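Participant: Starting off with a structure, shown below.
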Amino acid sequence: MMGTFESLQEEYKSCKKCSKLCESRTQVVFGSGNKNAKIIFIGEAPGANEDHEGIPFCGASGQVLNQLLESVSLSKEDIFITNIILCRPEKNRNPEKEEIENCRTRLDELLKIMQPKVIVTIGNFATERIIKQKGITLIHGKIFSLGEIHVVPVIHPANLLYNGRNPQLLESMKKDFEIIASLLKTTKT
Numbered sequence: 006m007m008g009t010f011e012s013l014q015e016e017y018k019s020c021k022k023c024s025k026l027c028e029s030r031t032q033v034v035f036g037s038g039n040k041n042a043k044i045i046f047i048g049e050a051p052g053a054n055e056d057h058e059g060i061p062f063c064g065a066s067g068q069v070l071n072q073l074l075e076s077v078s079l080s081k082e083d084i085f086i087t088n089i090i091l092c093r094p095e096k097n098r099n100p101e102k103e104e105i106e107n108c109r110t111r112l113d114e115l116l117k118i119m120q121p122k123v124i125v126t127i128g129n130f131a132t133e134r135i136i137k138q139k140g141i142t143l144i145h146g147k148i149f150s151l152g153e154i155h156v157v158p159v160i161h162p163a164n165l166l167y168n169g170r171n172p173q174l175l176e177s178m179k180k181d182f183e184i185i186a187s188l189l190k191t192t193k194t
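The working numbering puts the first residue of the sequence shown at 6, with every later residue one more than the last.
Rendered as C-alpha cells:
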C-alpha cells in the first residue's frame with residue numbers, strides 16, 4: 006500500500022541509512038513547496054544553508070533558481086523541490102553512489118505519491134539518477150519521457166555563480182525555463 010506524503014516525510018525525518026551523512030548533517034532536508042504541484046524540481050544534495058534551514062535551494066543557488074522561476078511567472082509556491090539525497094555531504098562533496106542508492110526508494114515513493122506531470126532535474130547527478138543520461142551541457146533543455154512524465158534537465162544554478170553570472174549562460178538557462186513553462190501549459194492536469 007502506498008503511503009502518504011506526510012508518512013513518507015515522517016519516515017525519513019530520522020533516516021540513518023548513511024552513517025557518514027548522519028554524522029555531517031544538522032537535519033534531513035526532505036523538500037519544500039507545494040505538495041500538490043504537478044512539477045517537481047530535483048537537485049543533487051543540500052548545501053550548508055539548506056542543512057541549517059531545512060529547506061532545499063535556500064542559499065545563493067536558490068536565489069538564482071528564484072530568478073529563473075520568476076522569469077517564467079512561476080514561484081517556489083507553484084513547485085515542489087527536493088534532492089536526490091536528503092542529507093548534506095560533508096564539505097559539500099558530491100554524493101556517493103551508495104548514498105544515492107540509499108535514497109532511491111524514498112525518491113521513487115515520493116514520485117508515486119505526488120504523481121507529477123513534469124520533473125526538472127537540476128544538474129548532472131539528478132539527471133543521471135532520473136533518466137540515466139550524462140552530460141548536462143549537451144542535454145539541458147531537452148524533453149525526455151519517464152512513462153507519462155516529462156523530464157527536463159537543466160544546468161545547476163550554481164554554475165551561473167561559478168561562471169561570474171555569464172550572460173550567455175543565463176540566457177541559455179532562461180530558455181530552458183521557457184521550455185518548462187511551455188510544457189506546463191500544455192500538460193493536462
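Ideal placement from N, C-alpha and C gives every residue a C-beta, glycine not left out.
Quantities reported herein were computed from a predicted structural model and do not represent experimental measurements.
1. Rounded to a whole number of angstroms, what is the C-alpha to C-alpha distance between Cys-27 and Glu-101?
2. In whole angstroms, give me the CA-to-CA distance for Gly-64 and Asn-71.
3. May I ask which residues mark the beginning and end of the alpha helix (DSSP H) holding Phe-10?
4. Have a look at Arg-111 and Ile-45 and give me their C-alpha separation to the nearest angstrom.
5. Would you report the Cα separation of Gly-82 and Glu-75, rounded to the nearest angstrom?
6. Could you give the uninterrupted runs of the alpha helix (DSSP H) lying entirely in the stretch 110-155, keeping only those of 4 residues or more?
7. Distance check for Phe-35 and Ser-29, CA to CA, integer angstroms please.
8. Whole angstroms is fine: what's the gap from Glu-183's alpha carbon to Ser-24's?
9. Contact check, Leu-165 vs Leu-174 under 8 Å by CB: the rounded distance?
10. Rounded to a whole number of angstroms, what is the C-alpha to C-alpha distance between Lys-18 and Gly-152?
11. Would DSSP call Ser-24 helix, strand or coil?
12. As a quick exercise: from Glu-114, Cys-92, Gln-68, pick the residue whose alpha carbon is nearest that of Ser-12.
13. Hey, out of Ile-148, Lys-43, Leu-91, whose CA is closest to Ala-53's CA?
14. From Pro-162 to Thr-9, what distance separates their C-alpha atoms?
15. Just to confirm the assignment: which complete alpha helix (DSSP H) runs, minimum length 4, are found wholly within the stretch 17-78?
16. Taking the CB atoms as reference points, tell me whether Gly-146 and Lys-190 lie closer together than 8 Å.
17. What is the DSSP secondary structure of Gly-97, counted as helix, strand or coil?
18. Does the Cβ-Cβ distance between Val-77 and Ile-185 come in under 8 Å?
19. Exposed or buried, which one is Pro-61 when buried takes at least 16 other CB atoms within 10 Å?
20. Do Phe-149 and Ile-89 have their beta-carbon atoms positioned less than 8 Å apart in this structure?
Facilitator: In short, the structure shows the following:
1. Along the sequence shown, read from residue 1 onward, the residue named residue 27 stands at position 22. Along the sequence shown, read from residue 1 onward, the residue named residue 101 stands at position 96. Within the model, the alpha-carbon separation for Cys-27 versus Glu-101 is close to 14 Å.
2. As a working mapping, residue 64 is identified with position 59 in the sequence shown. As a working mapping, residue 71 is identified with position 66 in the sequence shown. If you draw a straight line from the Cα of Gly-64 to the Cα of Asn-71, it comes to about 11 Å.
3. By 1-based counting over the sequence shown, the position of residue 10 is 5. Per DSSP, Phe-10 is one residue of the alpha helix (DSSP H) stretching across 10-18.
4. If you number the sequence shown from 1, residue 111 lands on position 106. If you number the sequence shown from 1, residue 45 lands on position 40. Roughly 14 Å between the two C-alpha positions.
5. As a first step, residue 82 is located in the sequence shown; it is residue number 77 there, counting from the start. As a first step, residue 75 is located in the sequence shown; it is residue number 70 there, counting from the start. In the sequence as displayed, the identity of residue 82 is Glu instead of Gly. Rounded to the nearest angstrom, the two C-alpha atoms are 11 Å apart.
6. 128-136, 141-144, all fully within the stretch 110-155.
7. Stepping through the sequence shown from its first residue, residue 29 is reached at position 24. Stepping through the sequence shown from its first residue, residue 35 is reached at position 30. Phe-35 has its alpha-carbon roughly 16 Å from the corresponding atom of Ser-29.
8. Here residue 183 is taken as the residue at index 178 of the sequence shown, counted from 1. Here residue 24 is taken as the residue at index 19 of the sequence shown, counted from 1. One C-alpha to the other measures close to 40 Å.
9. Working through the sequence shown from its first residue, we reach residue 165 at position 160. Working through the sequence shown from its first residue, we reach residue 174 at position 169. With a contact defined as Cβ atoms closer than 8 Å, Leu-165 and Leu-174 qualify at about 6 Å.
10. In the sequence shown, the residue the question calls residue 18 occupies position 13. In the sequence shown, the residue the question calls residue 152 occupies position 147. So the alpha carbons of these two residues sit roughly 29 Å apart.
11. As a first step, residue 24 is located in the sequence shown; it is residue number 19 there, counting from the start. Here Ser-24 sits in helix by DSSP.
12. Here residue 12 refers to the residue found at position 7 of the sequence shown. That would be Glu-114, whose Cα lies nearest to the Cα of Ser-12.
13. Within the sequence shown, the letter at position 48 stands for residue 53. Nearest option by C-alpha distance: Leu-91.
14. Within the sequence shown, the letter at position 157 stands for residue 162. Within the sequence shown, the letter at position 4 stands for residue 9. Their backbone Cα atoms lie some 31 Å apart in a straight line.
15. As far as the stretch 17-78 is concerned, its whole alpha helix (DSSP H) runs of at least 4 residues are 24-29, 53-58, 65-75.
16. The sequence position of residue 146 within the sequence shown is 141, counting from 1. The sequence position of residue 190 within the sequence shown is 185, counting from 1. With contacts defined as CB atoms closer than 8 Å, Gly-146 and Lys-190 fail to qualify as a contacting pair.
17. Against the sequence shown, residue 97 aligns to sequence position 92. According to the sequence shown, residue 97 is Asn rather than Gly. In the structure shown, Asn-97 sits in a helix (DSSP, three-state: H, G or I).
18. Taking the sequence shown and counting its residues from 1, one reaches residue 77 at position 72. Taking the sequence shown and counting its residues from 1, one reaches residue 185 at position 180. Cβ distance < 8 Å, so Val-77 and Ile-185 count as in contact.
19. Counting from 1 along the sequence shown, the entry for residue 61 is found at position 56. Buried.
20. In the sequence shown, counting from the first residue as 1, residue 89 sits at position 84. In the sequence shown, counting from the first residue as 1, residue 149 sits at position 144. For Ile-89 and Phe-149, no; Cβs fall outside 8 Å.
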